[in-house]
Structure formats: structure tokens, C-alpha cells
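Presented below is the structure to which this report refers.
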Amino acid sequence: MKQLQQKINRYSLKITSNDRECEDLAQDVLLKVHKRMEADPACEISNAYLYKIVLNTWKDKLKKRSLPSEPLDERHLGLPGIDTELSARELLELLAHRLPPRAMVIVLLMDVFDFTAKETAGLLSLAEGAVQVAVGRARLKLKKLAKQPDSASPASYQPDGSEQLDFESLVEAFRRRNPDAICKSYLSLAKQQIKLSQLSYRDGQLVFYFEDPDGNLIRVTS
DNA sequence: TAACTGTCAATAACATCCAG
DNA sequence: CTGGATGTTATTGACAGTTA
166 MKQLQQKINR
176 YSLKITSNDR
186 ECEDLAQDVL
196 LKVHKRMEAD
206 PACEISNAYL
216 YKIVLNTWKD
226 KLKKRSLPSE
236 PLDERHLGLP
246 GIDTELSARE
256 LLELLAHRLP
266 PRAMVIVLLM
276 DVFDFTAKET
286 AGLLSLAEGA
296 VQVAVGRARL
306 KLKKLAKQPD
316 SASPASYQPD
326 GSEQLDFESL
336 VEAFRRRNPD
346 AICKSYLSLA
356 KQQIKLSQLS
366 YRDGQLVFYF
376 EDPDGNLIRV
386 TS
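Taking the numbering used here, the leading residue of the first sequence gets 166, the next gets one more, and so forth.
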């Protein structure tokens, strides 16, 4: 690791020609490398690969500087007029009832739980292209809704009473791949302060982590 | 280190479906 | 018939990772 860090510092200094910039860049690169190694401990970081990471990270930094900055959670759902401290999840819960169920579920999976379009497509039995288009349109619609004065009022969502008031209904909705049921169950749980804190999809199996109002964590595998 | 390949996401343009 | 939601296909660009 120390050897790796020396190489990163050397490359960073070569690219930036500036001590302070070098330190910044090296730190970012180290983070990326650490994440990469965490994801795949067996991977080997070649010099060529390491240099590529340093170079791309530097290009990223330069590009970001030339763009107006925006909060991370608003990277997709940049919603003007709404408290910028809200997370993507909170923004979605506030406006979800104004989206068609399928669009809401796609935004939930991709923007809140960081699913790829491919994973989302697999989960909802859709084509990958359809998911890519759907998420783009949903984000656009959320932006438009956010510009309307009373659109963020959650009062317009009224549960019809048919959904089960526990986390199992959400798991069952995912199992049935039913966007309408997923949307209803998710919003119903959010109202009861039961939070779906984590959701992952590996080898066709879903793993849910729920957190109740008392902070108890419940893990459910589909 | 330049150039390449593969993957993923965003987007445009057009088509289809369906409720009103 | 019309407008909105959704799907398909093609194109483009960013980025990760490899090769010569």
C-alpha cells in the first residue's frame, strides 16, 4: 500500500506540477483505488492502470471546476424551489405520488439505491433501453413538478387501504415485479416511518434492509 | 503513454398503445 | 382523433481497463 501511495504521489505531481493540487489529486486517487480493491481484493493494479486512474481523476477535477457546482443528491433530481438539504430519497418521497408507478420505481432503484439500468431492467422485466429512457423522462417530470407551487404537498397521496401495512407487502410487490404495488407499499411504509435503508440485487435475489422507528434493523431476502 | 475495446448512461427520433 | 405514457433503435460520450 505504501508503494502504491508513492506511485500515486509521483504521478500526481507529474500531472499537476503543484504541491497542493498534487496532494488533493493523490487523495482522490487513493480513495478510488481503495474502493476498487475493496470491491475485488484479488485485482492487481498495474502501473498503466494506476496512471490511467490518476489521469482520469485529474481530468474530472478540471472539468468540474469549469462547471457550476451542485449538491451530490441533486445530481439527477436538481429540483429548484425545494430545500436543497433533502436527500434524493426525500425528494422522491415528496413527489413520488405525482409520477406514474413504474417511473417512480425506476427512479427509486436507480437514483436512491444506485441500481444500474441493466439491473433495473432485469428486476422489472423490461428492456435496458426502456429503463434508460424511462429514468430520463421521470427525472425531467420531477423537475417540472418541482417548479409547480403546491406539487410537493404529500396530502394528495391517499392510501386506498388495500395495502398491507408492513414491510412484507413491499417484498411481495417486488417479488411480483408489480410497479404499482411497489410504489404503494413503499410510500405506505414511508408514512409509517419504516425505512427501506438498503436494497441490493445479486444473482436474481433481492436483499432488503428495513429500519423501524425504534431503529431496529430487519433483513429480508426474497 | 497513445490507442484501443467494452460497458453503461443519456438522448433523439420515431412507433405503438390506450384512455378520454 | 388526440395527447400522454411507454417502447425500440441508433448515436454519442464518459469512463474503466487492456495492449502494444
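Cβ atoms here follow ideal geometry from the backbone N, Cα and C, with glycine treated the same way.
This structure is a prediction, so every number in the text was calculated from the model and none was measured.
Contact defined as beta carbons within less than 8 angstroms: I believe Ile-180 pairs with Leu-220. What is the distance between those atoms, to the nearest angstrom?
Going by Cβ atoms, the distance from Ile-180 to Leu-220 rounds to 7 angstroms, so yes, they are a contact pair.
Using the Cα positions of Asp-276 and Gln-370, report the straight-line distance between them to the nearest angstrom.
Straight-line measurement puts the Cα of Gln-370 at about 20 angstroms from the Cα of Asp-276.
Can the beta-carbon of Lys-356 be found less than 8 angstroms from the beta-carbon of Glu-376?
no
Mind checking whether Val-272 and Leu-289 have CB atoms under 8 angstroms apart?
no
So, Ser-387 versus Tyr-374, is the Cβ gap smaller than 8 angstroms?
It is not a contact, given that the beta carbons lie outside the stated cut-off.
Once the 5 residues before and after His-241 are set aside, which same chain residues still bring their CB inside 6 angstroms of it?
Since pLDDT at His-241 reaches only 48, below the 50 mark, its modelled position is unreliable, and the value read off the structure follows with that caveat. The answer, listed in chain order, is Asp-276 and Arg-304.
Quick one: Cα of Glu-328 to Cα of Gly-294, how far?
Its pLDDT being 42, under 50, Glu-328 is placed unreliably in this model, and the coordinates cannot settle the point.
When you compare each of Arg-302, Arg-342 and Leu-264 to Glu-284 by their alpha carbons, which one comes out closest?
Arg-342
What separation, rounded to the nearest whole angstrom, lies between the Cα atoms of Asp-379 and Leu-352?
19 angstroms
With a threshold of 16 other CB atoms inside 10 Å of the CB of Ala-268, please say whether the residue is buried or exposed.
buried
Look up Cys-187 in the DSSP assignment and say whether it is helix, strand or coil.
helix
For Asn-381 and Leu-364, I'd like the C-alpha separation in whole angstroms.
16 angstroms
Whole angstroms are fine: how far does the CA of Leu-264 sit from the CA of Ala-346?
14 angstroms
Is the separation between the beta-carbon of Ile-210 and that of Val-198 shorter than 8 angstroms?
yes
Quick test of your reading: Val-298 and Ala-286, contact by CB under 8 angstroms. State the CB separation rounded to the nearest angstrom.
That pair is no contact at about 11 angstroms.
Can you list, in chain order, the stretches of the beta strand (DSSP E) that have 3 or more residues and sit fully within the region 285-312?
none
According to DSSP, simplified to helix, strand and coil, what is Ser-386?
Per the sequence shown, the amino acid found at residue 386 is Thr instead of Ser. Correct three-state label for Thr-386: strand.
Roughly how many angstroms separate the alpha carbons of Val-372 and Phe-280, rounded to a whole number?
13 angstroms
Classify Ile-173 as buried or exposed, calling it buried when 16 or more other Cβ atoms lie within 10 Å of its own Cβ.
buried
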